[in-house]
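>
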Amino acid sequence: SDIQKMNESLEELGEPCKTILKDFYVYKLNMEQISEKFGYTNADNAKTQKYKCLQRLKRRFFED
Numbered sequence: 001s002d003i004q005k006m007n008e009s010l011e012e013l014g015e016p017c018k019t020i021l022k023d024f025y026v027y028k029l030n031m032e033q034i035s036e037k038f039g040y041t042n043a044d045n046a047k048t049q050k051y052k053c054l055q056r057l058k059r060r061f062f063e064d
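Take the sequence shown: its position 57, counted from the start at 1, is 57 in my numbering, and no numbers get skipped.
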């Protein structure tokens, strides 16, 4: 299923991507909370990282 595939793709991404994306989309944390949790200097840096993670996830998900 797509859910299964998404979870596998997430696992393959590893950290911090896996947790950032889960925190944002599953646990609904905001960028401020995520940047504090991961020690980013500001929310913009966390946002940039989340964007990069999302791009990587999409590439993995749509590869097959």
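C-beta atoms are modelled at their ideal positions from N, C-alpha and C, and glycine is treated no differently.
Taking the continuous alpha helix (DSSP H) assigned at L101, which residues delimit it?
The requested residue 101 is not part of the displayed model; the chain covers only 1 to 64.
> Does DSSP put N45 in a helix, a strand or coil?
N45 falls in the helix class under three-state DSSP.
> Does the region 46 to 56 come close enough to the region 27 to 38 that 3 or more CB-CB pairs lie under 8 Å?
Because the criterion of three Cβ pairs below 8 Å is met, the region 27 to 38 and the region 46 to 56 touch.
> If you draw a straight line from the C-alpha of K5 to the C-alpha of N30, how long is it?
One C-alpha to the other measures close to 25 Å.
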